[in-house]
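The opening residue of the sequence shown carries number 1 in full-length UniProt numbering; numbering runs sequentially from there.
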Amino acid sequence: MGKKGREQHGNKRTNKSRHADAGDAEPLSSHGEEDSESLDESRDDHSDSDQTNEMPCKLAMYDFNQCDPKRCSGRKLLRAGLISEVRLGSRFPGLVLSPTGKTTLAPCDREFIDQYGLGVVDCSWKEVERTPLHKATTKAALFFLIKDGVTRFIALMMGMRFTHSLPTKVKAPEHRLLPYLVAANSVNYGRPCHLTCAEALAAGLYIVGHVQAAERVMKQFTWGPHFIELNRELLDIYAGCHTPEENMEWEEQFEQGFDYAIEKDGMRQGAEARVYTCTYLGRPAIMKERFSKKYRHPDVDEKLNKARLRNELKGIVRAQEVGVGAPAVFFVDTNNNRIIMERIEGLTANAWIEKRRSEASGSNEFKADTLELGKLIGEAIGKMHLSNLVHGDLTTSNIILKNNDLRQPYFIDFGLCALGKVLPEDKGVDLYVLERAMISTHIDSEDMFKSVLEGYTSVNSKQGSAVIK
1 MGKKGREQHG NKRTNKSRHA DAGDAEPLSS HGEEDSESLD ESRDDHSDSD QTNEMPCKLA
61 MYDFNQCDPK RCSGRKLLRA GLISEVRLGS RFPGLVLSPT GKTTLAPCDR EFIDQYGLGV
121 VDCSWKEVER TPLHKATTKA ALFFLIKDGV TRFIALMMGM RFTHSLPTKV KAPEHRLLPY
181 LVAANSVNYG RPCHLTCAEA LAAGLYIVGH VQAAERVMKQ FTWGPHFIEL NRELLDIYAG
241 CHTPEENMEW EEQFEQGFDY AIEKDGMRQG AEARVYTCTY LGRPAIMKER FSKKYRHPDV
301 DEKLNKARLR NELKGIVRAQ EVGVGAPAVF FVDTNNNRII MERIEGLTAN AWIEKRRSEA
361 SGSNEFKADT LELGKLIGEA IGKMHLSNLV HGDLTTSNII LKNNDLRQPY FIDFGLCALG
421 KVLPEDKGVD LYVLERAMIS THIDSEDMFK SVLEGYTSVN SKQGSAVIK
(Lines of atoms letter the chains of each structure in order from A; the text may use other names.)
(Lines give C-alpha, C1' and ligand atoms only; values in the text may rest on other atoms or scores of the structure.)
Protein backbone atom coordinates (compact mmCIF):
# COMPACT_ATOMS: atom_id res chain seq x y z
CA MET A 1 0.00 0.00 0.00
CA GLY A 2 1.11 3.55 -0.57
CA LYS A 3 1.30 6.12 2.16
CA LYS A 4 -2.28 7.22 1.62
CA GLY A 5 -3.47 3.63 1.50
CA ARG A 6 -1.66 2.78 4.73
CA GLU A 7 -3.33 5.70 6.52
CA GLN A 8 -6.79 4.77 5.25
CA HIS A 9 -6.31 1.09 5.98
CA GLY A 10 -4.78 1.82 9.36
CA ASN A 11 -7.69 4.12 10.28
CA LYS A 12 -10.12 1.30 9.51
CA ARG A 13 -8.28 -0.92 11.95
CA THR A 14 -8.10 1.77 14.62
CA ASN A 15 -11.87 2.07 14.76
CA LYS A 16 -12.00 -1.66 15.49
CA SER A 17 -8.97 -2.26 17.64
CA ARG A 18 -10.23 -0.82 20.94
CA HIS A 19 -12.81 -3.55 21.20
CA ALA A 20 -12.12 -6.41 18.83
CA ASP A 21 -8.34 -6.56 18.87
CA ALA A 22 -8.08 -6.71 22.62
CA GLY A 23 -10.50 -9.60 22.61
CA ASP A 24 -8.63 -11.44 19.89
CA ALA A 25 -5.41 -11.19 21.83
CA GLU A 26 -6.88 -13.21 24.66
CA PRO A 27 -6.90 -17.01 24.50
CA LEU A 28 -10.31 -18.65 24.69
CA SER A 29 -9.32 -20.44 27.87
CA SER A 30 -6.40 -20.55 30.23
CA HIS A 31 -5.86 -24.16 29.20
CA GLY A 32 -5.39 -23.12 25.59
CA GLU A 33 -2.85 -20.48 26.57
CA GLU A 34 -0.88 -22.90 28.71
CA ASP A 35 -0.86 -25.50 25.99
CA SER A 36 0.21 -22.97 23.38
CA GLU A 37 3.09 -21.94 25.57
CA SER A 38 4.16 -25.53 26.10
CA LEU A 39 4.14 -26.20 22.36
CA ASP A 40 6.40 -23.23 21.68
CA GLU A 41 8.61 -24.03 24.65
CA SER A 42 9.09 -27.55 23.31
CA ARG A 43 11.11 -26.08 20.47
CA ASP A 44 13.68 -24.79 22.96
CA ASP A 45 15.12 -28.27 23.20
CA HIS A 46 15.98 -28.16 19.52
CA SER A 47 17.34 -24.64 19.45
CA ASP A 48 20.92 -25.54 20.33
CA SER A 49 21.68 -26.86 16.87
CA ASP A 50 20.70 -23.52 15.38
CA GLN A 51 22.99 -21.58 17.68
CA THR A 52 26.02 -22.87 15.81
CA ASN A 53 24.64 -21.58 12.52
CA GLU A 54 25.76 -18.03 11.97
CA MET A 55 23.23 -15.60 10.59
CA PRO A 56 24.23 -13.60 7.48
CA CYS A 57 23.99 -10.36 9.46
CA LYS A 58 23.58 -9.11 12.99
CA LEU A 59 19.99 -9.36 14.27
CA ALA A 60 18.88 -7.28 17.23
CA MET A 61 15.84 -6.17 19.21
CA TYR A 62 14.87 -3.12 21.25
CA ASP A 63 12.75 -4.58 24.06
CA PHE A 64 10.48 -2.30 26.10
CA ASN A 65 9.63 -5.24 28.43
CA GLN A 66 5.90 -4.80 27.94
CA CYS A 67 4.97 -8.41 27.18
CA ASP A 68 5.29 -11.80 28.84
CA PRO A 69 8.89 -13.04 28.34
CA LYS A 70 7.62 -16.63 28.04
CA ARG A 71 5.40 -15.74 25.09
CA CYS A 72 7.60 -13.13 23.43
CA SER A 73 9.04 -14.45 20.17
CA GLY A 74 11.94 -12.02 20.40
CA ARG A 75 12.91 -13.41 23.79
CA LYS A 76 12.76 -16.92 22.36
CA LEU A 77 15.21 -15.94 19.62
CA LEU A 78 17.45 -14.42 22.29
CA ARG A 79 17.45 -17.71 24.19
CA ALA A 80 18.31 -19.51 20.96
CA GLY A 81 21.28 -17.22 20.45
CA LEU A 82 20.06 -15.97 17.06
CA ILE A 83 19.65 -12.31 17.99
CA SER A 84 21.01 -9.84 20.52
CA GLU A 85 19.31 -7.15 22.59
CA VAL A 86 20.07 -3.45 22.21
CA ARG A 87 19.76 -1.38 25.36
CA LEU A 88 17.04 1.26 25.16
CA GLY A 89 18.56 4.60 24.29
CA SER A 90 21.63 3.01 22.72
CA ARG A 91 22.35 3.48 19.04
CA PHE A 92 22.02 0.48 16.75
CA PRO A 93 24.32 0.84 13.71
CA GLY A 94 22.04 -1.00 11.31
CA LEU A 95 18.50 -0.78 9.92
CA VAL A 96 15.51 -0.99 12.28
CA LEU A 97 11.96 -1.97 11.34
CA SER A 98 10.15 0.73 13.29
CA PRO A 99 7.31 3.31 13.21
CA THR A 100 9.71 6.06 12.25
CA GLY A 101 10.36 4.47 8.86
CA LYS A 102 9.46 6.65 5.91
CA THR A 103 9.82 3.99 3.22
CA THR A 104 9.26 0.26 2.84
CA LEU A 105 12.04 -2.29 3.18
CA ALA A 106 13.40 -3.37 -0.23
CA PRO A 107 16.23 -5.57 -1.61
CA CYS A 108 18.33 -2.46 -2.18
CA ASP A 109 18.76 -2.31 1.62
CA ARG A 110 20.65 -5.62 1.64
CA GLU A 111 24.18 -4.22 1.46
CA PHE A 112 23.57 -1.91 4.41
CA ILE A 113 21.90 -4.68 6.44
CA ASP A 114 24.68 -7.16 5.72
CA GLN A 115 27.25 -4.68 6.95
CA TYR A 116 25.47 -3.17 9.96
CA GLY A 117 22.56 -5.45 10.90
CA LEU A 118 18.76 -5.66 11.09
CA GLY A 119 16.67 -4.82 14.16
CA VAL A 120 13.06 -4.68 15.38
CA VAL A 121 11.14 -2.88 18.13
CA ASP A 122 9.16 -4.87 20.70
CA CYS A 123 6.54 -2.91 22.62
CA SER A 124 2.84 -3.06 23.45
CA TRP A 125 0.17 -1.02 21.65
CA LYS A 126 -1.59 -0.60 25.00
CA GLU A 127 1.39 1.46 26.12
CA VAL A 128 1.84 3.34 22.85
CA GLU A 129 1.24 6.83 24.25
CA ARG A 130 3.79 6.20 26.97
CA THR A 131 6.34 4.37 24.82
CA PRO A 132 9.26 6.68 24.00
CA LEU A 133 9.88 5.66 20.41
CA HIS A 134 10.13 9.29 19.43
CA LYS A 135 9.03 12.69 20.73
CA ALA A 136 5.38 13.56 21.21
CA THR A 137 3.38 15.10 18.39
CA THR A 138 -0.17 16.32 17.76
CA LYS A 139 -0.31 14.96 14.20
CA ALA A 140 -1.51 11.54 13.11
CA ALA A 141 1.22 8.95 13.59
CA LEU A 142 1.46 5.51 12.01
CA PHE A 143 2.86 3.04 14.46
CA PHE A 144 4.32 -0.25 13.35
CA LEU A 145 4.27 -1.86 16.75
CA ILE A 146 4.37 -5.12 18.57
CA LYS A 147 1.48 -5.99 20.83
CA ASP A 148 2.41 -8.70 23.29
CA GLY A 149 5.02 -9.71 20.76
CA VAL A 150 2.64 -9.01 17.85
CA THR A 151 3.36 -6.43 15.16
CA ARG A 152 0.55 -4.01 14.35
CA PHE A 153 -0.17 -1.13 12.10
CA ILE A 154 -2.10 1.27 14.31
CA ALA A 155 -3.06 4.73 13.08
CA LEU A 156 -3.63 6.97 16.11
CA MET A 157 -5.15 10.43 15.80
CA MET A 158 -3.73 12.25 18.78
CA GLY A 159 -6.01 15.09 19.83
CA MET A 160 -3.79 16.33 22.66
CA ARG A 161 -0.15 16.56 23.52
CA PHE A 162 1.61 14.33 25.97
CA THR A 163 2.10 15.92 29.35
CA HIS A 164 5.82 15.93 28.70
CA SER A 165 8.17 15.18 25.85
CA LEU A 166 9.76 11.75 25.84
CA PRO A 167 13.33 11.13 24.73
CA THR A 168 13.93 8.87 21.77
CA LYS A 169 14.79 5.32 22.85
CA VAL A 170 15.22 3.74 19.40
CA LYS A 171 18.21 5.20 17.63
CA ALA A 172 19.44 3.98 14.25
CA PRO A 173 20.65 5.57 11.00
CA GLU A 174 17.99 3.79 8.92
CA HIS A 175 14.35 2.99 9.72
CA ARG A 176 11.97 1.01 7.49
CA LEU A 177 8.40 -0.30 7.40
CA LEU A 178 7.50 -3.80 6.27
CA PRO A 179 5.10 -4.22 3.34
CA TYR A 180 1.75 -5.98 3.59
CA LEU A 181 2.04 -9.51 5.03
CA VAL A 182 -0.26 -11.88 6.91
CA ALA A 183 0.46 -13.22 10.39
CA ALA A 184 0.78 -16.94 11.07
CA ASN A 185 1.32 -16.76 14.85
CA SER A 186 -1.22 -18.56 17.00
CA VAL A 187 -2.62 -15.37 18.56
CA ASN A 188 -3.38 -13.37 15.40
CA TYR A 189 -3.27 -15.98 12.68
CA GLY A 190 -4.55 -14.67 9.36
CA ARG A 191 -4.65 -11.01 10.37
CA PRO A 192 -2.75 -8.60 8.11
CA CYS A 193 0.35 -6.99 9.60
CA HIS A 194 -0.06 -8.53 13.06
CA LEU A 195 3.43 -10.05 12.96
CA THR A 196 5.54 -11.19 15.88
CA CYS A 197 9.14 -10.04 16.33
CA ALA A 198 10.31 -13.27 14.75
CA GLU A 199 7.95 -12.94 11.78
CA ALA A 200 9.11 -9.36 11.20
CA LEU A 201 12.78 -10.37 11.26
CA ALA A 202 12.14 -13.36 9.00
CA ALA A 203 10.21 -11.20 6.54
CA GLY A 204 13.02 -8.65 6.47
CA LEU A 205 15.64 -11.32 5.85
CA TYR A 206 13.57 -12.93 3.09
CA ILE A 207 12.94 -9.64 1.29
CA VAL A 208 16.65 -8.76 1.15
CA GLY A 209 17.51 -12.22 -0.17
CA HIS A 210 18.45 -14.25 2.92
CA VAL A 211 15.76 -16.90 2.47
CA GLN A 212 17.53 -19.70 4.36
CA ALA A 213 18.20 -17.40 7.31
CA ALA A 214 14.51 -16.43 7.37
CA GLU A 215 13.51 -20.09 7.43
CA ARG A 216 16.03 -20.77 10.21
CA VAL A 217 14.47 -18.05 12.34
CA MET A 218 10.99 -19.44 11.79
CA LYS A 219 12.01 -23.01 12.62
CA GLN A 220 12.27 -21.97 16.26
CA PHE A 221 8.45 -22.01 16.45
CA THR A 222 5.92 -24.74 15.81
CA TRP A 223 3.87 -22.35 13.68
CA GLY A 224 6.92 -20.67 12.14
CA PRO A 225 7.43 -22.55 8.85
CA HIS A 226 3.82 -21.88 7.93
CA PHE A 227 4.46 -18.12 8.02
CA ILE A 228 6.87 -18.48 5.10
CA GLU A 229 4.50 -20.73 3.16
CA LEU A 230 1.50 -18.50 3.81
CA ASN A 231 3.32 -15.39 2.57
CA ARG A 232 5.74 -16.92 0.06
CA GLU A 233 3.98 -15.45 -2.98
CA LEU A 234 4.02 -11.95 -1.48
CA LEU A 235 7.58 -12.31 -0.16
CA ASP A 236 8.82 -13.42 -3.57
CA ILE A 237 7.19 -10.38 -5.15
CA TYR A 238 8.78 -8.01 -2.63
CA ALA A 239 12.15 -9.75 -2.97
CA GLY A 240 11.96 -9.26 -6.74
CA CYS A 241 11.52 -5.51 -6.44
CA HIS A 242 14.64 -3.37 -6.53
CA THR A 243 13.42 -0.20 -4.86
CA PRO A 244 10.92 0.83 -2.16
CA GLU A 245 8.90 2.54 -4.89
CA GLU A 246 8.35 -0.79 -6.66
CA ASN A 247 7.19 -2.34 -3.39
CA MET A 248 4.80 0.58 -2.93
CA GLU A 249 3.35 -0.03 -6.39
CA TRP A 250 2.66 -3.66 -5.53
CA GLU A 251 1.05 -2.62 -2.25
CA GLU A 252 -1.21 -0.24 -4.17
CA GLN A 253 -2.33 -3.21 -6.27
CA PHE A 254 -3.01 -5.24 -3.14
CA GLU A 255 -5.00 -2.33 -1.74
CA GLN A 256 -7.16 -2.20 -4.85
CA GLY A 257 -7.90 -5.90 -4.49
CA PHE A 258 -8.26 -5.77 -0.73
CA ASP A 259 -12.06 -5.80 -0.84
CA TYR A 260 -12.38 -9.41 -1.84
CA ALA A 261 -14.67 -10.27 -4.75
CA ILE A 262 -17.46 -12.54 -3.55
CA GLU A 263 -19.24 -14.89 -5.90
CA LYS A 264 -22.83 -14.91 -4.66
CA ASP A 265 -23.71 -17.96 -6.73
CA GLY A 266 -21.28 -20.01 -4.67
CA MET A 267 -23.01 -19.33 -1.35
CA ARG A 268 -23.85 -22.21 0.98
CA GLN A 269 -25.43 -21.90 4.41
CA GLY A 270 -25.10 -24.09 7.45
CA ALA A 271 -26.47 -23.85 10.98
CA GLU A 272 -23.77 -21.42 12.14
CA ALA A 273 -22.35 -19.67 9.09
CA ARG A 274 -22.61 -18.82 5.42
CA VAL A 275 -19.77 -19.86 3.12
CA TYR A 276 -19.05 -17.95 -0.10
CA THR A 277 -16.53 -18.67 -2.81
CA CYS A 278 -14.40 -15.60 -3.43
CA THR A 279 -11.10 -14.32 -4.80
CA TYR A 280 -8.69 -12.68 -2.36
CA LEU A 281 -5.61 -10.88 -3.67
CA GLY A 282 -5.86 -12.99 -6.81
CA ARG A 283 -6.06 -16.26 -4.86
CA PRO A 284 -9.00 -18.68 -4.99
CA ALA A 285 -10.55 -18.53 -1.54
CA ILE A 286 -13.70 -18.98 0.49
CA MET A 287 -15.24 -16.55 2.95
CA LYS A 288 -16.92 -17.96 6.04
CA GLU A 289 -19.27 -15.51 7.72
CA ARG A 290 -20.87 -16.27 11.07
CA PHE A 291 -24.31 -14.68 11.20
CA SER A 292 -26.30 -13.57 14.23
CA LYS A 293 -29.14 -15.65 15.65
CA LYS A 294 -32.21 -13.56 16.35
CA TYR A 295 -33.40 -15.81 19.19
CA ARG A 296 -30.23 -15.05 21.19
CA HIS A 297 -29.63 -11.92 23.22
CA PRO A 298 -27.48 -9.58 21.05
CA ASP A 299 -24.64 -9.40 23.60
CA VAL A 300 -24.57 -13.16 24.06
CA ASP A 301 -24.78 -13.69 20.31
CA GLU A 302 -21.85 -11.36 19.63
CA LYS A 303 -19.64 -12.93 22.29
CA LEU A 304 -20.48 -16.45 21.15
CA ASN A 305 -19.78 -15.73 17.48
CA LYS A 306 -16.46 -14.06 18.24
CA ALA A 307 -15.45 -16.86 20.61
CA ARG A 308 -16.19 -19.47 17.96
CA LEU A 309 -14.34 -17.47 15.32
CA ARG A 310 -11.25 -17.32 17.56
CA ASN A 311 -11.70 -20.98 18.40
CA GLU A 312 -11.76 -21.94 14.74
CA LEU A 313 -8.55 -20.03 14.08
CA LYS A 314 -6.80 -21.69 17.01
CA GLY A 315 -7.99 -25.11 15.88
CA ILE A 316 -6.66 -24.54 12.36
CA VAL A 317 -3.30 -23.40 13.71
CA ARG A 318 -2.96 -26.38 16.04
CA ALA A 319 -3.91 -28.85 13.30
CA GLN A 320 -1.29 -27.38 10.98
CA GLU A 321 1.33 -27.46 13.74
CA VAL A 322 0.93 -31.22 14.16
CA GLY A 323 0.94 -31.93 10.43
CA VAL A 324 -2.80 -32.36 9.86
CA GLY A 325 -4.26 -30.87 6.69
CA ALA A 326 -6.23 -27.65 7.30
CA PRO A 327 -6.85 -24.64 5.04
CA ALA A 328 -4.54 -21.63 5.25
CA VAL A 329 -6.17 -18.46 6.55
CA PHE A 330 -5.67 -15.33 4.41
CA PHE A 331 -7.59 -12.69 6.33
CA VAL A 332 -9.73 -12.24 9.45
CA ASP A 333 -12.45 -9.58 9.77
CA THR A 334 -13.36 -9.70 13.46
CA ASN A 335 -15.96 -6.92 13.26
CA ASN A 336 -18.05 -8.86 10.75
CA ASN A 337 -17.09 -12.34 12.01
CA ARG A 338 -15.55 -13.30 8.69
CA ILE A 339 -12.63 -15.56 7.86
CA ILE A 340 -11.17 -15.72 4.37
CA MET A 341 -9.26 -18.92 3.86
CA GLU A 342 -7.71 -21.13 1.24
CA ARG A 343 -10.15 -22.82 -1.12
CA ILE A 344 -9.44 -26.55 -1.01
CA GLU A 345 -10.41 -27.96 -4.38
CA GLY A 346 -11.91 -31.41 -4.08
CA LEU A 347 -14.88 -33.41 -2.84
CA THR A 348 -15.80 -33.87 0.79
CA ALA A 349 -15.08 -37.35 2.13
CA ASN A 350 -18.85 -37.85 2.23
CA ALA A 351 -19.31 -37.06 -1.48
CA TRP A 352 -16.15 -38.94 -2.47
CA ILE A 353 -17.25 -42.16 -0.72
CA GLU A 354 -20.68 -42.11 -2.34
CA LYS A 355 -19.20 -41.27 -5.75
CA ARG A 356 -16.78 -44.20 -5.47
CA ARG A 357 -19.64 -46.43 -4.32
CA SER A 358 -21.66 -45.60 -7.45
CA GLU A 359 -18.63 -46.29 -9.64
CA ALA A 360 -17.35 -49.48 -8.03
CA SER A 361 -19.89 -50.64 -5.49
CA GLY A 362 -19.05 -54.01 -3.95
CA SER A 363 -15.67 -54.27 -5.63
CA ASN A 364 -12.48 -55.02 -3.72
CA GLU A 365 -11.02 -51.74 -4.98
CA PHE A 366 -13.82 -49.71 -3.38
CA LYS A 367 -13.41 -51.51 -0.07
CA ALA A 368 -9.63 -51.07 -0.13
CA ASP A 369 -9.97 -47.35 -0.85
CA THR A 370 -12.44 -46.76 1.97
CA LEU A 371 -10.29 -48.71 4.42
CA GLU A 372 -7.22 -46.70 3.44
CA LEU A 373 -9.14 -43.45 3.77
CA GLY A 374 -10.45 -44.51 7.16
CA LYS A 375 -6.95 -45.26 8.42
CA LEU A 376 -5.62 -41.89 7.21
CA ILE A 377 -8.51 -40.08 8.87
CA GLY A 378 -7.84 -42.00 12.09
CA GLU A 379 -4.16 -41.08 12.01
CA ALA A 380 -5.00 -37.40 11.55
CA ILE A 381 -7.48 -37.47 14.44
CA GLY A 382 -4.89 -39.26 16.58
CA LYS A 383 -2.36 -36.49 15.92
CA MET A 384 -4.88 -33.80 16.82
CA HIS A 385 -5.91 -35.58 20.03
CA LEU A 386 -2.29 -36.17 21.01
CA SER A 387 -1.78 -32.39 20.86
CA ASN A 388 -4.92 -31.89 22.99
CA LEU A 389 -7.06 -30.67 20.10
CA VAL A 390 -10.59 -32.09 19.91
CA HIS A 391 -12.40 -31.18 16.69
CA GLY A 392 -15.90 -31.19 18.16
CA ASP A 393 -17.81 -31.82 14.92
CA LEU A 394 -16.20 -34.74 13.14
CA THR A 395 -18.22 -35.87 10.14
CA THR A 396 -17.23 -36.96 6.65
CA SER A 397 -18.75 -33.66 5.45
CA ASN A 398 -16.10 -31.74 7.41
CA ILE A 399 -13.23 -33.51 5.66
CA ILE A 400 -12.21 -32.47 2.14
CA LEU A 401 -9.99 -34.65 -0.04
CA LYS A 402 -7.70 -32.19 -1.80
CA ASN A 403 -7.76 -32.76 -5.57
CA ASN A 404 -9.97 -35.79 -4.81
CA ASP A 405 -6.89 -37.60 -3.49
CA LEU A 406 -7.77 -39.86 -0.56
CA ARG A 407 -4.21 -39.43 0.73
CA GLN A 408 -4.75 -35.69 1.28
CA PRO A 409 -7.57 -35.29 3.81
CA TYR A 410 -8.12 -31.68 4.96
CA PHE A 411 -10.19 -30.98 8.07
CA ILE A 412 -12.49 -27.95 8.18
CA ASP A 413 -15.00 -26.28 10.53
CA PHE A 414 -13.12 -26.09 13.83
CA GLY A 415 -15.64 -23.70 15.41
CA LEU A 416 -16.63 -26.20 18.12
CA CYS A 417 -13.13 -27.46 18.83
CA ALA A 418 -11.60 -27.69 22.31
CA LEU A 419 -7.94 -27.07 23.10
CA GLY A 420 -5.90 -27.48 26.24
CA LYS A 421 -6.33 -30.05 28.96
CA VAL A 422 -8.98 -32.21 27.33
CA LEU A 423 -9.96 -35.51 28.93
CA PRO A 424 -9.90 -38.97 27.32
CA GLU A 425 -13.70 -38.83 27.51
CA ASP A 426 -13.69 -35.70 25.32
CA LYS A 427 -11.58 -37.51 22.74
CA GLY A 428 -13.88 -40.51 22.94
CA VAL A 429 -16.91 -38.33 22.26
CA ASP A 430 -15.11 -36.89 19.23
CA LEU A 431 -14.70 -40.39 17.80
CA TYR A 432 -18.25 -41.36 18.76
CA VAL A 433 -19.66 -38.38 16.84
CA LEU A 434 -17.72 -39.53 13.77
CA GLU A 435 -18.92 -43.11 14.19
CA ARG A 436 -22.60 -42.09 14.38
CA ALA A 437 -22.16 -39.72 11.42
CA MET A 438 -20.60 -42.47 9.30
CA ILE A 439 -23.20 -45.09 10.21
CA SER A 440 -26.10 -42.72 9.50
CA THR A 441 -24.62 -41.44 6.22
CA HIS A 442 -22.82 -44.37 4.62
CA ILE A 443 -24.10 -47.91 4.11
CA ASP A 444 -21.90 -50.70 5.49
CA SER A 445 -19.40 -48.28 7.01
CA GLU A 446 -18.57 -50.42 10.06
CA ASP A 447 -15.35 -51.77 8.55
CA MET A 448 -14.29 -48.28 7.53
CA PHE A 449 -14.74 -47.02 11.08
CA LYS A 450 -12.69 -49.94 12.37
CA SER A 451 -9.89 -48.75 10.09
CA VAL A 452 -10.32 -45.26 11.60
CA LEU A 453 -9.69 -46.73 15.05
CA GLU A 454 -6.72 -48.69 13.70
CA GLY A 455 -5.14 -45.53 12.33
CA TYR A 456 -5.95 -43.68 15.55
CA THR A 457 -4.22 -46.28 17.73
CA SER A 458 -1.17 -46.40 15.46
CA VAL A 459 -0.33 -42.79 16.36
CA ASN A 460 -0.04 -43.47 20.08
CA SER A 461 -1.02 -46.82 21.56
CA LYS A 462 -1.27 -45.41 25.10
CA GLN A 463 -3.72 -42.76 23.98
CA GLY A 464 -5.61 -45.33 21.94
CA SER A 465 -6.02 -47.62 24.94
CA ALA A 466 -7.27 -44.78 27.14
CA VAL A 467 -9.78 -43.46 24.60
CA ILE A 468 -11.02 -46.63 22.90
CA LYS A 469 -12.55 -48.92 25.53
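Even glycine gets a Cβ: it sits at the ideal position worked out from N, Cα and C.
task: Run through the segment 287-351 for me and flag every whole alpha helix (DSSP H) of 4 or more residues, listed as ranges in chain order.
output: Entirely contained in the segment 287-351, the alpha helix (DSSP H) runs reaching 4 residues are, in chain order, 298-321.
query: Taking buried to mean at least 16 other C-beta atoms within 10 Å of its own C-beta, is Val300 buried or exposed?
result: It is exposed - the Cβ of Val300 has fewer than 16 other Cβ atoms within 10 Å.
Continuous beta strand (DSSP E) stretch holding Asp63: start and end: In the DSSP assignment, Asp63 falls within the unbroken beta strand (DSSP E) covering Leu59 to Asp63.
task: Going by DSSP, name the residue or residues bridged to Leu401.
output: In the DSSP output, where bridge partners are listed per residue, Leu401 has Pro409.
task: Could you tell me whether the Cβ atoms of Lys375 and Ser440 are closer together than 8 Å?
output: No, they are not a contact pair.
task: Could you say which of Leu419, Val211, Ala106 and Gln408 lies nearest to Thr243 if we only look at CA atoms?
output: Cα-wise, what sits closest to Thr243 is Ala106.
task: Closer than 7 Å by C-beta to Pro284: which residues in its own chain qualify, once you throw out the five before and the five after it? Chain order, please.
output: These residues qualify, in order along the chain: Arg343.
field: Cα-Cα separation, Gly464 to Val429
entry: Computed Cα separation, rounded: 13 Å.
- request: Have a look at Met341, Asn305, Ile399 and Arg436 and flag the residue whose alpha-carbon is nearest the alpha-carbon of Gly415.
  value: Comparing Cα positions, the closest option is Asn305.
field: Nearest neighbour of His175, chosen from Phe92, Ser186, Ala203 and Ala213 [CA to CA]
entry: Closest in C-alpha terms to His175, from the list Phe92, Ser186, Ala203 and Ala213, comes Phe92.
task: Note down, one range per segment and in chain order, each alpha helix (DSSP H) of at least 4 residues found wholly within the segment 433-461.
output: Correct list: 446-459.
task: Measure the alpha-carbon distance for Leu406 versus Arg356 and round it to whole angstroms.
output: Across the structure, Leu406 and Arg356 are spaced so that their CA atoms are roughly 11 Å apart.
task: Select from Met287, Met218 and Trp352 the residue whose C-alpha is nearest the C-alpha of Thr279.
output: Its Cα nearest to that of Thr279, the residue Met287 stands out among Met287, Met218 and Trp352.
query: What are the start and end residues of each continuous beta strand (DSSP E) run of 3 or more residues lying completely inside the segment 155-239, in chain order?
result: Within the segment 155-239, the complete beta strand (DSSP E) runs of at least 3 residues are 174-177.
- prompt: Any heavy atom of the ligand SAM closer than 7 Å to the Cβ of Glu246?
  reply: Here there are no bound small molecules, and the ligand SAM is not part of this structure.
- request: Report the option in Ser358, Asp426 and Ala437 whose CA atom is closest to the CA atom of Ala418.
  value: With distances taken between CA atoms, Ala418 lies nearest to Asp426 out of Ser358, Asp426 and Ala437.
- request: Tell me whether Glu85 sits in a helix, a strand or coil according to DSSP, three-state version.
  value: Three-state DSSP puts Glu85 in a strand.
Inter-residue Cα distance where the pair is Val187 and Val208: Each residue's Cα considered, the two are about 27 Å apart.
- prompt: Looking only at DSSP bridge pairs, what is Gln269 linked to?
  reply: Gln269 is bridged to Arg274.
query: By Cβ distance below 6 Å, which residues in the same chain neighbour Leu373 in space, the five residues on each side in sequence not counted?
result: Correct list, in chain order: Leu406.
Three-state secondary structure assigned by DSSP to Thr395: Coil at Thr395, not helix or strand.
query: Going along the chain, which residues of its own chain have a beta-carbon closer than 6 Å to the beta-carbon of Thr348, five neighbours each way excluded?
result: Counting only Cβ-Cβ distances below 6 Å, and skipping sequence neighbours, we find Ser397 and Ile400.
message: Need the endpoints of the alpha helix (DSSP H) that Leu376 sits in, please.
response: Asn364 to Leu386 is the span of the alpha helix (DSSP H), which, as asked, contains Leu376.
query: Can you tell me whether DSSP reads Pro284 as helix, strand or coil?
result: The DSSP-derived three-state label of Pro284 is strand.
task: Report the residue from Val211, Pro99, Ser461 and Ala271 whose alpha carbon sits nearest the alpha carbon of Leu177.
output: Of the candidates Val211, Pro99, Ser461 and Ala271, the one whose C-alpha sits nearest the C-alpha of Leu177 is Pro99.
task: Using the Cα positions of Ala319 and Thr196, report the straight-line distance between them to the nearest angstrom.
output: Approximately 20 Å between the Cα atoms of the pair.
- prompt: Which residue or residues does DSSP assign as beta-bridge partners of Ala418?
  reply: According to DSSP, Ala418 bridges with Val390.
message: Closest to Val422 by C-alpha separation, out of Pro327, Leu389 and Thr103, would be which residue?
response: For Val422, the closest alpha carbon among the candidates Pro327, Leu389 and Thr103 is that of Leu389.
field: Nearest neighbour of Ala172, chosen from Phe112, Ala200, Ile228 and Tyr189 [CA to CA]
entry: Nearest C-alpha to Ala172: Phe112.
field: Within 8 Å, strictly: CB atoms of Glu321 and Trp223
entry: In contact: Glu321 and Trp223 (Cβ atoms closer than 8 Å).
query: Excluding sequence positions up to five away, which residues of its chain have a Cβ less than 6 Å from the Cβ of Arg191?
result: Result list for Arg191: Ala183 and Val332, in chain order.
query: Below 8 Å between beta carbons: does that hold for Ala200 and Leu82?
result: Judged by their CB atoms, Ala200 and Leu82 are not nearer to each other than the 8 Å cut-off.
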